[in-house]
Amino acid sequence: MAASCMLRSSFLSPNPHLHQQSPAKSNRASFFTPIKATSSSDDANSKSPQLQKHRRPADENIREEARRDISSHNFSARYVPFNADPNSSEWYPLDEIIYRSRSGGLLDVQHDMDALKKFDGQYWRSLFDSRVGKTTWPYGSGVWSKKEWVLPEIDSDDIISAFEGNSNLFWAERYGKQFLGMNDLWVKHCGISHTGSFKDLGMTVLVSQVNRLRKMHKPVVGVGCASTGDTSAALSAYCASAGIPSIVFLPANKISMAQLVQPIANGAFVLSIDTDFDGCMQLIREVTAELPIYLANSLNSLRLEGQKTAAIEILQQFEWEVPDWVIVPGGNLGNIYAFYKGFHMCKELGLVDRIPRLVCAQAANANPLYVHYKSGWKDFKPVKANTTFASAIQIGDPVSIDRAVFALKKSNGIVEEATEEELMDAMAQADSTGMFICPHTGVALTALSKLRKAGVIAPTDRTVVVSTAHGLKFTQSKVDYHSKEIKNMECRFANPPVQVKADFGSVMDVLKKYLLSKNSKF
(Lines of atoms letter the chains of each structure in order from A and count residues from 1; the text may use other names and numbers.)
(Lines give C-alpha, C1' and ligand atoms only; values in the text may rest on other atoms or scores of the structure.)
Protein backbone atom coordinates (compact mmCIF):
# COMPACT_ATOMS: atom_id res chain seq x y z
CA MET A 1 0.00 0.00 0.00
CA ALA A 2 2.79 2.39 0.92
CA ALA A 3 4.52 1.60 -2.33
CA SER A 4 1.37 2.32 -4.32
CA CYS A 5 0.96 5.70 -2.62
CA MET A 6 4.55 6.53 -3.39
CA LEU A 7 3.98 5.49 -7.00
CA ARG A 8 1.20 8.04 -7.39
CA SER A 9 3.32 10.83 -6.00
CA SER A 10 6.80 10.25 -7.36
CA PHE A 11 7.12 7.37 -9.78
CA LEU A 12 8.90 9.53 -12.35
CA SER A 13 11.78 10.28 -10.03
CA PRO A 14 15.05 8.61 -11.04
CA ASN A 15 15.44 7.18 -7.53
CA PRO A 16 12.81 5.51 -5.35
CA HIS A 17 12.63 7.62 -2.18
CA LEU A 18 12.34 5.42 0.85
CA HIS A 19 13.15 8.33 3.15
CA GLN A 20 12.19 11.97 2.90
CA GLN A 21 15.03 14.27 1.95
CA SER A 22 16.46 16.26 4.81
CA PRO A 23 15.90 20.03 4.86
CA ALA A 24 19.52 20.51 3.90
CA LYS A 25 18.84 18.74 0.62
CA SER A 26 15.49 20.36 -0.12
CA ASN A 27 16.95 22.83 -2.61
CA ARG A 28 18.29 20.10 -4.88
CA ALA A 29 16.79 19.94 -8.35
CA SER A 30 14.29 17.17 -9.06
CA PHE A 31 14.38 15.01 -12.17
CA PHE A 32 11.03 16.38 -13.28
CA THR A 33 9.08 19.42 -12.15
CA PRO A 34 5.30 19.55 -12.65
CA ILE A 35 3.89 22.46 -14.64
CA LYS A 36 0.75 23.94 -13.17
CA ALA A 37 -2.27 23.40 -15.39
CA THR A 38 -4.07 26.47 -16.76
CA SER A 39 -7.63 26.78 -18.00
CA SER A 40 -8.48 27.45 -21.61
CA SER A 41 -9.54 30.97 -20.70
CA ASP A 42 -6.04 31.65 -19.44
CA ASP A 43 -4.29 30.21 -22.46
CA ALA A 44 -5.99 28.98 -25.60
CA ASN A 45 -3.03 26.71 -26.36
CA SER A 46 -2.77 25.18 -22.87
CA LYS A 47 -2.73 21.42 -22.49
CA SER A 48 -3.31 18.95 -19.69
CA PRO A 49 -0.83 18.90 -16.80
CA GLN A 50 2.55 17.64 -17.92
CA LEU A 51 6.01 17.16 -16.60
CA GLN A 52 8.92 19.25 -17.74
CA LYS A 53 12.59 18.78 -17.03
CA HIS A 54 14.64 21.75 -15.89
CA ARG A 55 17.51 22.48 -18.25
CA ARG A 56 20.81 22.35 -16.41
CA PRO A 57 23.15 25.37 -16.37
CA ALA A 58 25.31 25.66 -19.49
CA ASP A 59 28.54 25.14 -17.56
CA GLU A 60 27.28 21.94 -15.88
CA ASN A 61 27.57 18.46 -17.41
CA ILE A 62 25.15 15.59 -16.86
CA ARG A 63 27.36 13.90 -14.28
CA GLU A 64 27.50 17.11 -12.24
CA GLU A 65 23.76 17.51 -12.64
CA ALA A 66 23.23 14.03 -11.19
CA ARG A 67 25.15 14.99 -8.05
CA ARG A 68 22.39 17.44 -7.19
CA ASP A 69 19.76 14.69 -7.14
CA ILE A 70 21.06 12.27 -4.54
CA SER A 71 18.31 10.32 -2.82
CA SER A 72 18.64 7.93 0.09
CA HIS A 73 17.46 4.33 -0.01
CA ASN A 74 18.11 1.10 1.81
CA PHE A 75 18.74 -1.20 -1.16
CA SER A 76 21.85 -3.36 -0.99
CA ALA A 77 23.56 -6.35 -2.60
CA ARG A 78 26.37 -8.74 -1.70
CA TYR A 79 28.27 -11.77 -2.93
CA VAL A 80 27.07 -15.19 -1.78
CA PRO A 81 28.06 -18.69 -2.91
CA PHE A 82 26.07 -19.62 -6.02
CA ASN A 83 23.02 -21.78 -5.26
CA ALA A 84 24.07 -22.02 -1.62
CA ASP A 85 22.01 -23.48 1.19
CA PRO A 86 19.55 -20.80 2.37
CA ASN A 87 20.98 -21.20 5.87
CA SER A 88 24.54 -20.49 4.73
CA SER A 89 26.18 -17.60 6.57
CA GLU A 90 28.91 -17.06 3.97
CA TRP A 91 28.77 -13.72 2.19
CA TYR A 92 31.09 -10.94 1.06
CA PRO A 93 30.61 -7.21 0.39
CA LEU A 94 30.76 -6.16 -3.25
CA ASP A 95 33.73 -3.96 -2.39
CA GLU A 96 35.81 -7.06 -1.62
CA ILE A 97 37.99 -8.41 -4.42
CA ILE A 98 36.93 -12.04 -4.56
CA TYR A 99 35.90 -14.41 -7.33
CA ARG A 100 35.12 -17.75 -5.65
CA SER A 101 33.53 -19.00 -2.46
CA ARG A 102 35.46 -20.67 0.35
CA SER A 103 34.74 -24.05 -1.23
CA GLY A 104 36.06 -22.88 -4.61
CA GLY A 105 32.61 -22.55 -6.17
CA LEU A 106 31.06 -19.71 -8.12
CA LEU A 107 29.69 -16.59 -6.46
CA ASP A 108 26.42 -14.83 -7.18
CA VAL A 109 25.21 -11.29 -6.49
CA GLN A 110 22.33 -11.46 -4.03
CA HIS A 111 20.03 -8.46 -3.65
CA ASP A 112 18.07 -7.54 -0.55
CA MET A 113 14.75 -8.69 -1.95
CA ASP A 114 12.82 -7.71 1.17
CA ALA A 115 13.83 -4.08 0.63
CA LEU A 116 12.92 -4.22 -3.06
CA LYS A 117 9.57 -5.86 -2.26
CA LYS A 118 8.51 -2.81 -0.29
CA PHE A 119 7.60 -1.48 -3.73
CA ASP A 120 5.05 -3.30 -5.86
CA GLY A 121 5.44 -4.45 -9.45
CA GLN A 122 3.57 -1.46 -10.84
CA TYR A 123 6.00 0.88 -9.11
CA TRP A 124 9.03 -0.80 -10.71
CA ARG A 125 7.41 -1.00 -14.13
CA SER A 126 6.57 2.69 -14.06
CA LEU A 127 9.98 3.70 -12.76
CA PHE A 128 11.86 1.74 -15.41
CA ASP A 129 9.55 2.93 -18.19
CA SER A 130 10.01 6.55 -17.12
CA ARG A 131 13.75 6.36 -17.73
CA VAL A 132 13.77 4.92 -21.25
CA GLY A 133 15.32 7.20 -23.85
CA LYS A 134 16.37 9.88 -21.38
CA THR A 135 19.77 11.53 -21.16
CA THR A 136 19.78 11.98 -17.40
CA TRP A 137 22.91 10.44 -15.87
CA PRO A 138 23.15 7.48 -15.53
CA TYR A 139 19.59 6.43 -16.40
CA GLY A 140 19.97 6.88 -20.15
CA SER A 141 21.70 3.50 -20.07
CA GLY A 142 19.52 0.43 -20.42
CA VAL A 143 21.59 -1.10 -17.63
CA TRP A 144 21.68 1.80 -15.20
CA SER A 145 18.01 2.59 -15.73
CA LYS A 146 17.64 -0.50 -13.51
CA LYS A 147 20.37 0.68 -11.10
CA GLU A 148 18.46 -0.39 -7.98
CA TRP A 149 18.49 -3.98 -9.29
CA VAL A 150 22.10 -3.93 -10.51
CA LEU A 151 24.54 -2.13 -8.17
CA PRO A 152 22.27 -0.25 -5.79
CA GLU A 153 25.02 1.10 -3.57
CA ILE A 154 27.39 2.53 -6.17
CA ASP A 155 27.57 6.30 -6.41
CA SER A 156 26.38 7.53 -9.81
CA ASP A 157 29.61 9.51 -9.99
CA ASP A 158 31.61 6.26 -10.14
CA ILE A 159 29.62 4.81 -13.04
CA ILE A 160 31.34 4.37 -16.42
CA SER A 161 28.70 4.18 -19.12
CA ALA A 162 28.24 4.69 -22.86
CA PHE A 163 24.45 4.55 -22.43
CA GLU A 164 24.56 0.93 -23.53
CA GLY A 165 21.50 -1.29 -23.68
CA ASN A 166 18.05 -0.21 -24.87
CA SER A 167 18.85 -2.38 -27.90
CA ASN A 168 16.46 -3.05 -30.75
CA LEU A 169 13.80 -5.76 -30.43
CA PHE A 170 12.42 -6.20 -33.92
CA TRP A 171 9.78 -8.34 -35.55
CA ALA A 172 11.50 -10.76 -37.96
CA GLU A 173 8.40 -10.90 -40.10
CA ARG A 174 9.70 -12.26 -43.39
CA TYR A 175 12.19 -14.71 -41.88
CA GLY A 176 9.58 -16.08 -39.50
CA LYS A 177 6.91 -16.54 -42.16
CA GLN A 178 9.10 -17.73 -45.03
CA PHE A 179 11.47 -20.12 -43.28
CA LEU A 180 9.67 -21.12 -40.07
CA GLY A 181 5.95 -20.59 -40.61
CA MET A 182 5.86 -18.28 -37.57
CA ASN A 183 4.00 -15.02 -37.14
CA ASP A 184 5.44 -13.84 -33.82
CA LEU A 185 9.23 -14.19 -34.14
CA TRP A 186 11.39 -11.43 -32.67
CA VAL A 187 15.12 -10.73 -32.59
CA LYS A 188 16.68 -8.91 -29.63
CA HIS A 189 19.68 -7.31 -31.31
CA CYS A 190 22.13 -6.89 -28.43
CA GLY A 191 24.86 -6.38 -31.05
CA ILE A 192 23.56 -2.85 -31.63
CA SER A 193 25.67 -1.55 -28.80
CA HIS A 194 28.73 0.55 -28.07
CA THR A 195 31.31 -2.09 -29.04
CA GLY A 196 29.00 -4.28 -31.10
CA SER A 197 28.05 -7.04 -28.65
CA PHE A 198 26.02 -7.80 -25.54
CA LYS A 199 29.24 -7.81 -23.49
CA ASP A 200 28.83 -4.04 -23.01
CA LEU A 201 25.91 -4.70 -20.65
CA GLY A 202 28.11 -6.52 -18.18
CA MET A 203 31.27 -4.52 -18.68
CA THR A 204 29.74 -1.20 -17.72
CA VAL A 205 28.90 -2.75 -14.34
CA LEU A 206 32.28 -4.38 -13.79
CA VAL A 207 34.37 -1.38 -14.81
CA SER A 208 32.17 0.96 -12.77
CA GLN A 209 32.80 -1.19 -9.69
CA VAL A 210 36.54 -1.22 -10.44
CA ASN A 211 36.43 2.56 -10.72
CA ARG A 212 34.83 2.66 -7.28
CA LEU A 213 37.43 0.24 -5.85
CA ARG A 214 40.31 2.33 -7.18
CA LYS A 215 38.84 5.44 -5.59
CA MET A 216 38.73 3.47 -2.34
CA HIS A 217 42.47 2.74 -2.83
CA LYS A 218 41.93 -0.98 -3.25
CA PRO A 219 44.90 -2.87 -4.82
CA VAL A 220 43.74 -2.68 -8.45
CA VAL A 221 46.20 -1.42 -11.06
CA GLY A 222 44.41 -2.75 -14.14
CA VAL A 223 41.68 -5.06 -15.39
CA GLY A 224 42.35 -8.23 -17.37
CA CYS A 225 40.40 -10.82 -19.33
CA ALA A 226 40.78 -13.84 -21.53
CA SER A 227 38.68 -13.39 -24.63
CA THR A 228 37.45 -14.84 -27.88
CA GLY A 229 36.97 -11.26 -29.07
CA ASP A 230 33.86 -9.50 -27.78
CA THR A 231 34.81 -9.44 -24.09
CA SER A 232 38.14 -7.79 -24.88
CA ALA A 233 36.44 -5.18 -27.05
CA ALA A 234 34.03 -4.23 -24.28
CA LEU A 235 36.67 -4.28 -21.54
CA SER A 236 39.13 -2.14 -23.46
CA ALA A 237 36.48 0.45 -24.39
CA TYR A 238 35.12 0.92 -20.87
CA CYS A 239 38.57 0.91 -19.29
CA ALA A 240 39.69 3.53 -21.83
CA SER A 241 36.71 5.68 -20.89
CA ALA A 242 37.64 5.39 -17.21
CA GLY A 243 41.39 5.81 -17.74
CA ILE A 244 42.06 2.34 -16.29
CA PRO A 245 44.72 0.05 -17.87
CA SER A 246 43.27 -3.05 -19.57
CA ILE A 247 45.13 -6.30 -20.27
CA VAL A 248 43.78 -8.79 -22.80
CA PHE A 249 44.74 -12.44 -23.38
CA LEU A 250 43.65 -13.55 -26.87
CA PRO A 251 44.05 -16.98 -28.50
CA ALA A 252 46.34 -16.46 -31.50
CA ASN A 253 44.71 -16.65 -34.95
CA LYS A 254 41.28 -17.57 -33.61
CA ILE A 255 39.30 -14.31 -33.74
CA SER A 256 38.28 -11.96 -36.53
CA MET A 257 40.40 -8.95 -37.43
CA ALA A 258 37.44 -6.69 -36.60
CA GLN A 259 37.40 -8.11 -33.08
CA LEU A 260 41.19 -7.91 -32.69
CA VAL A 261 41.43 -4.28 -33.76
CA GLN A 262 38.97 -3.04 -31.14
CA PRO A 263 41.13 -3.60 -28.01
CA ILE A 264 44.18 -2.42 -29.94
CA ALA A 265 42.44 0.81 -30.95
CA ASN A 266 41.26 1.41 -27.38
CA GLY A 267 44.79 1.16 -26.02
CA ALA A 268 44.62 -2.24 -24.31
CA PHE A 269 47.79 -4.23 -23.63
CA VAL A 270 47.11 -7.23 -25.87
CA LEU A 271 48.84 -10.60 -25.52
CA SER A 272 48.33 -12.99 -28.45
CA ILE A 273 48.87 -16.43 -26.94
CA ASP A 274 49.41 -19.71 -28.77
CA THR A 275 46.51 -21.57 -27.15
CA ASP A 276 42.71 -21.66 -27.23
CA PHE A 277 40.28 -19.72 -25.06
CA ASP A 278 40.36 -22.29 -22.28
CA GLY A 279 44.15 -22.00 -22.16
CA CYS A 280 43.92 -18.19 -22.01
CA MET A 281 41.35 -18.48 -19.24
CA GLN A 282 43.63 -20.69 -17.16
CA LEU A 283 46.51 -18.24 -17.59
CA ILE A 284 44.49 -15.15 -16.64
CA ARG A 285 43.25 -16.86 -13.49
CA GLU A 286 46.82 -17.63 -12.46
CA VAL A 287 48.03 -14.12 -13.29
CA THR A 288 45.25 -12.31 -11.42
CA ALA A 289 46.01 -14.43 -8.35
CA GLU A 290 49.54 -12.98 -8.31
CA LEU A 291 49.24 -9.44 -9.69
CA PRO A 292 46.93 -6.48 -8.86
CA ILE A 293 44.85 -7.11 -11.98
CA TYR A 294 41.09 -7.39 -11.55
CA LEU A 295 39.56 -10.39 -13.35
CA ALA A 296 36.89 -9.39 -15.86
CA ASN A 297 35.72 -12.75 -17.19
CA SER A 298 32.25 -14.08 -16.41
CA LEU A 299 33.71 -16.03 -13.51
CA ASN A 300 33.17 -12.58 -12.00
CA SER A 301 29.45 -12.43 -11.23
CA LEU A 302 29.24 -8.63 -11.47
CA ARG A 303 29.01 -8.79 -15.26
CA LEU A 304 25.91 -10.95 -15.09
CA GLU A 305 24.12 -8.17 -13.20
CA GLY A 306 24.39 -5.98 -16.27
CA GLN A 307 23.60 -8.76 -18.71
CA LYS A 308 20.37 -9.66 -16.91
CA THR A 309 18.95 -6.25 -17.84
CA ALA A 310 18.52 -7.47 -21.46
CA ALA A 311 15.86 -9.85 -20.15
CA ILE A 312 14.12 -7.01 -18.31
CA GLU A 313 14.27 -4.93 -21.50
CA ILE A 314 12.54 -7.67 -23.48
CA LEU A 315 9.63 -7.64 -21.04
CA GLN A 316 9.60 -3.85 -21.08
CA GLN A 317 9.54 -3.75 -24.90
CA PHE A 318 6.60 -6.18 -24.91
CA GLU A 319 4.82 -3.84 -22.46
CA TRP A 320 5.47 -6.34 -19.66
CA GLU A 321 4.00 -9.32 -21.50
CA VAL A 322 6.07 -12.51 -21.24
CA PRO A 323 7.20 -14.26 -24.45
CA ASP A 324 6.87 -18.03 -24.68
CA TRP A 325 10.49 -18.74 -25.63
CA VAL A 326 13.85 -16.98 -25.48
CA ILE A 327 16.78 -18.54 -27.37
CA VAL A 328 20.33 -17.56 -26.35
CA PRO A 329 23.63 -18.67 -27.93
CA GLY A 330 25.91 -20.21 -25.28
CA GLY A 331 29.69 -20.51 -24.89
CA ASN A 332 31.02 -19.70 -21.43
CA LEU A 333 27.34 -19.91 -20.37
CA GLY A 334 27.04 -16.86 -18.14
CA ASN A 335 24.49 -15.23 -20.42
CA ILE A 336 21.82 -17.95 -20.23
CA TYR A 337 21.92 -17.62 -16.43
CA ALA A 338 21.83 -13.83 -16.65
CA PHE A 339 18.64 -14.00 -18.74
CA TYR A 340 17.08 -16.40 -16.27
CA LYS A 341 18.04 -14.13 -13.38
CA GLY A 342 16.50 -11.08 -15.04
CA PHE A 343 13.24 -12.86 -15.82
CA HIS A 344 13.06 -14.49 -12.39
CA MET A 345 13.68 -11.20 -10.60
CA CYS A 346 10.80 -9.60 -12.51
CA LYS A 347 8.52 -12.45 -11.50
CA GLU A 348 9.60 -12.41 -7.85
CA LEU A 349 9.05 -8.66 -7.58
CA GLY A 350 5.63 -8.79 -9.21
CA LEU A 351 6.32 -7.17 -12.58
CA VAL A 352 5.17 -10.34 -14.42
CA ASP A 353 3.51 -13.57 -13.36
CA ARG A 354 5.71 -16.13 -15.14
CA ILE A 355 9.00 -16.55 -16.98
CA PRO A 356 9.62 -17.80 -20.55
CA ARG A 357 11.15 -21.14 -21.41
CA LEU A 358 14.83 -20.75 -22.21
CA VAL A 359 16.83 -22.44 -24.97
CA CYS A 360 20.63 -22.45 -24.98
CA ALA A 361 22.08 -22.92 -28.48
CA GLN A 362 25.61 -24.24 -28.95
CA ALA A 363 27.88 -24.83 -31.91
CA ALA A 364 28.32 -28.57 -32.47
CA ASN A 365 32.09 -28.00 -32.55
CA ALA A 366 32.01 -26.67 -28.98
CA ASN A 367 29.01 -28.29 -27.33
CA PRO A 368 29.75 -29.44 -23.75
CA LEU A 369 26.39 -28.21 -22.43
CA TYR A 370 24.48 -29.95 -25.23
CA VAL A 371 26.26 -33.25 -24.51
CA HIS A 372 25.55 -32.80 -20.80
CA TYR A 373 21.86 -32.09 -21.50
CA LYS A 374 21.47 -35.11 -23.80
CA SER A 375 22.98 -37.33 -21.08
CA GLY A 376 20.18 -36.36 -18.72
CA TRP A 377 22.41 -33.95 -16.80
CA LYS A 378 24.76 -36.72 -15.72
CA ASP A 379 28.36 -35.97 -14.77
CA PHE A 380 29.58 -32.98 -16.77
CA LYS A 381 32.68 -33.47 -18.89
CA PRO A 382 34.51 -30.65 -20.71
CA VAL A 383 35.24 -31.15 -24.41
CA LYS A 384 38.03 -30.00 -26.67
CA ALA A 385 36.50 -27.11 -28.59
CA ASN A 386 37.05 -27.35 -32.33
CA THR A 387 37.16 -24.39 -34.67
CA THR A 388 33.79 -22.79 -35.34
CA PHE A 389 32.66 -19.72 -37.25
CA ALA A 390 30.81 -18.83 -34.03
CA SER A 391 34.20 -18.02 -32.51
CA ALA A 392 32.88 -16.24 -29.40
CA ILE A 393 31.32 -19.49 -28.18
CA GLN A 394 34.24 -21.74 -29.09
CA ILE A 395 34.64 -22.88 -25.48
CA GLY A 396 34.95 -26.45 -24.30
CA ASP A 397 35.20 -25.95 -20.54
CA PRO A 398 32.68 -23.22 -19.66
CA VAL A 399 33.10 -21.41 -16.35
CA SER A 400 29.37 -21.00 -15.79
CA ILE A 401 28.27 -24.57 -16.43
CA ASP A 402 26.58 -24.82 -13.02
CA ARG A 403 24.78 -21.53 -13.55
CA ALA A 404 23.53 -22.63 -16.98
CA VAL A 405 22.22 -25.98 -15.74
CA PHE A 406 20.44 -24.24 -12.86
CA ALA A 407 18.79 -21.73 -15.23
CA LEU A 408 17.67 -24.38 -17.70
CA LYS A 409 16.23 -26.64 -15.03
CA LYS A 410 14.35 -23.75 -13.40
CA SER A 411 12.91 -22.56 -16.73
CA ASN A 412 12.07 -26.01 -18.15
CA GLY A 413 14.71 -25.20 -20.73
CA ILE A 414 16.24 -26.99 -23.71
CA VAL A 415 19.72 -27.20 -25.24
CA GLU A 416 20.18 -27.54 -29.00
CA GLU A 417 23.22 -27.49 -31.32
CA ALA A 418 24.14 -26.35 -34.82
CA THR A 419 26.73 -27.73 -37.21
CA GLU A 420 28.96 -25.33 -39.12
CA GLU A 421 26.95 -25.72 -42.30
CA GLU A 422 23.67 -25.27 -40.46
CA LEU A 423 24.71 -22.09 -38.69
CA MET A 424 26.20 -20.54 -41.83
CA ASP A 425 23.13 -21.40 -43.91
CA ALA A 426 20.88 -19.93 -41.21
CA MET A 427 22.97 -16.77 -41.18
CA ALA A 428 22.71 -16.46 -44.96
CA GLN A 429 18.96 -17.04 -44.91
CA ALA A 430 18.47 -14.41 -42.21
CA ASP A 431 20.62 -11.92 -44.10
CA SER A 432 18.54 -12.53 -47.23
CA THR A 433 15.50 -11.20 -45.36
CA GLY A 434 17.18 -7.92 -44.43
CA MET A 435 19.13 -8.85 -41.32
CA PHE A 436 22.92 -8.83 -41.04
CA ILE A 437 23.59 -11.24 -38.22
CA CYS A 438 26.63 -12.83 -36.61
CA PRO A 439 27.37 -16.59 -36.79
CA HIS A 440 26.32 -16.99 -33.13
CA THR A 441 22.84 -15.77 -34.03
CA GLY A 442 22.95 -18.34 -36.83
CA VAL A 443 23.44 -20.96 -34.11
CA ALA A 444 20.35 -19.69 -32.27
CA LEU A 445 18.26 -19.60 -35.46
CA THR A 446 19.30 -23.18 -36.25
CA ALA A 447 18.16 -24.24 -32.79
CA LEU A 448 14.84 -22.52 -33.39
CA SER A 449 14.43 -24.22 -36.78
CA LYS A 450 15.05 -27.67 -35.26
CA LEU A 451 12.59 -27.05 -32.43
CA ARG A 452 9.96 -25.84 -34.92
CA LYS A 453 10.39 -28.93 -37.09
CA ALA A 454 10.10 -31.13 -34.00
CA GLY A 455 6.86 -29.37 -33.02
CA VAL A 456 8.30 -28.20 -29.70
CA ILE A 457 7.85 -24.54 -30.60
CA ALA A 458 4.43 -23.82 -32.12
CA PRO A 459 3.90 -21.47 -35.09
CA THR A 460 2.03 -18.99 -32.89
CA ASP A 461 4.46 -19.05 -29.94
CA ARG A 462 5.97 -15.65 -29.27
CA THR A 463 9.66 -16.39 -29.59
CA VAL A 464 12.70 -14.14 -29.07
CA VAL A 465 16.10 -14.97 -30.54
CA VAL A 466 18.92 -13.11 -28.83
CA SER A 467 21.47 -11.78 -31.33
CA THR A 468 24.62 -11.37 -29.29
CA ALA A 469 26.93 -9.47 -31.67
CA HIS A 470 26.83 -7.34 -34.81
CA GLY A 471 27.35 -8.99 -38.18
CA LEU A 472 29.91 -6.33 -39.12
CA LYS A 473 32.35 -8.05 -36.77
CA PHE A 474 32.21 -11.20 -38.89
CA THR A 475 32.33 -9.97 -42.47
CA GLN A 476 35.12 -12.35 -43.49
CA SER A 477 32.95 -15.38 -42.72
CA LYS A 478 30.22 -13.89 -44.91
CA VAL A 479 32.70 -13.18 -47.71
CA ASP A 480 33.98 -16.76 -47.57
CA TYR A 481 30.43 -18.15 -47.60
CA HIS A 482 29.19 -16.11 -50.55
CA SER A 483 32.43 -16.78 -52.43
CA LYS A 484 31.91 -20.51 -51.79
CA GLU A 485 35.44 -20.74 -50.43
CA ILE A 486 34.63 -22.75 -47.29
CA LYS A 487 36.04 -26.25 -47.52
CA ASN A 488 33.50 -29.10 -47.37
CA MET A 489 30.55 -26.68 -47.29
CA GLU A 490 27.98 -26.43 -50.08
CA CYS A 491 27.06 -22.81 -49.23
CA ARG A 492 23.55 -23.37 -50.61
CA PHE A 493 22.42 -19.78 -50.20
CA ALA A 494 25.55 -18.07 -51.53
CA ASN A 495 24.90 -14.93 -53.56
CA PRO A 496 28.13 -14.09 -55.41
CA PRO A 497 28.37 -11.11 -57.75
CA VAL A 498 27.84 -11.81 -61.47
CA GLN A 499 30.68 -10.94 -63.80
CA VAL A 500 29.34 -9.05 -66.85
CA LYS A 501 30.96 -7.47 -69.90
CA ALA A 502 30.80 -3.68 -70.07
CA ASP A 503 28.23 -3.43 -72.89
CA PHE A 504 24.50 -2.75 -72.96
CA GLY A 505 23.46 -6.05 -74.53
CA SER A 506 25.31 -8.19 -72.01
CA VAL A 507 23.90 -6.23 -69.09
CA MET A 508 20.36 -6.47 -70.51
CA ASP A 509 20.66 -10.24 -71.01
CA VAL A 510 21.78 -10.77 -67.44
CA LEU A 511 19.08 -8.51 -65.99
CA LYS A 512 16.29 -10.14 -68.03
CA LYS A 513 17.36 -13.57 -66.83
CA TYR A 514 17.43 -12.34 -63.25
CA LEU A 515 14.00 -10.67 -63.42
CA LEU A 516 12.50 -13.76 -65.06
CA SER A 517 13.77 -15.88 -62.18
CA LYS A 518 11.95 -13.56 -59.77
CA ASN A 519 8.74 -13.21 -61.75
CA SER A 520 7.81 -15.64 -64.54
CA LYS A 521 5.23 -13.16 -65.89
CA PHE A 522 8.06 -10.83 -66.86
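As numbered in UniProt numbering, residues 1 to 522 make up the sequence shown, in order.
Glycine is no exception: its CB is placed at the ideal position from the N, C-alpha and C atoms.
Bear in mind the structure is a predicted one, so any value in this text is a computation, not a measurement.
Between C239 and V261, the C-beta spacing is not below 8 Å.
Three or more Cβ pairs closer than 8 Å define a contact, and the stretch 297 to 309 meets that threshold against the stretch 206 to 221. In summary, Q259 is buried, with 16 or more beta-carbon neighbours lying within 10 Å of its beta-carbon over all protein chains present. Counting of Cβ neighbours within 10 angstroms places I62 among the exposed residues, the total staying below 16. Close CB contacts of C438 within its chain, under the 6 Å cut and outside five residues either way in sequence, are with A469, G471 and F474 (chain order). For the pair D278 and A404, the Cα-to-Cα distance works out to about 18 Å.
Residue environment: K117 is assigned as exposed (fewer than 16 neighbouring CB atoms within 10 Å of its CB, all protein chains considered). Per DSSP, T463 is one residue of the beta strand (DSSP E) stretching across T463 to S467.
In this structure, the alpha-carbon of L295 lies about 9 Å from that of I97. Judged by DSSP in its simplified three-state form, Q429 adopts helix. The DSSP-derived three-state label of R78 is strand. Assignment of Q394 by DSSP, reduced to helix, strand and coil, places it in the coil class. Across the set E90, S227, E485 and S298, the C-alpha of S227 shows the shortest separation from the C-alpha of D276. DSSP places E305 within a helical segment (H, G or I) once states are collapsed to three. For A226, DSSP records a beta bridge to F249. Bounds of any alpha helix (DSSP H) do not take in V221, whose DSSP letter is neither H nor E.
Around the beta carbon of Q394, a 10 Å sphere encloses 16 or more other beta carbons of the protein chains shown; the residue is thus reported as buried.
V465 and G342 have their C-alpha atoms roughly 16 Å apart. DSSP places H189 in the uninterrupted beta strand (DSSP E) bounded by L185 to H189. By the criterion of a C-beta distance shorter than 8 Å, M257 is surrounded in its chain by Q476, once the five residues flanking it on both sides are discounted.
The residue from N166, D157 and D155 with its alpha-carbon nearest to that of S145 is N166. Counting C-beta pairs closer than 8 Å gives fewer than three between the stretch 396 to 410 and the stretch 424 to 440, which falls short of the contact rule. The Cβ atoms of A392 and G229 lie closer than 8 Å to each other.
Contact between L169 and K188 holds: their C-beta atoms lie close to 5 Å from each other, under 8 Å. For L349, no alpha helix (DSSP H) encloses it, and the DSSP letter there is neither H nor E. Counting the other Cβ atoms within 10 Å of the Cβ of S467 gives 16 or more, which makes it buried.
With a cut-off of 8 Å on Cβ pairs, the stretch 116 to 133 is in contact with the stretch 307 to 317, counting three or more such pairs.
When secondary structure is reduced to three states using DSSP, L283 falls in the helix class. Within the stretch 93 to 163, the runs of alpha helix (DSSP H) that reach at least 4 residues and sit entirely inside it are, in chain order, 113 to 116, 121 to 131 and 147 to 150.
From the listed residues K378, G376, D379 and D397, the smallest Cα separation to N386 is found for D397. Under DSSP, H470 takes part in a beta bridge, and its partners are I437. Y175 is not bridged by DSSP to any residue. Looking at the DSSP output, S208 bridges to nothing. The shortest CA-to-CA distance from I457 to any of D184, F269 and Q178 is the one to D184. By alpha-carbon distance to H111, the top candidate from S76, S103, M424 and S88 is S76. Annotated as distal: F163 and S130, with beta-carbon spacing of 8 Å or more.
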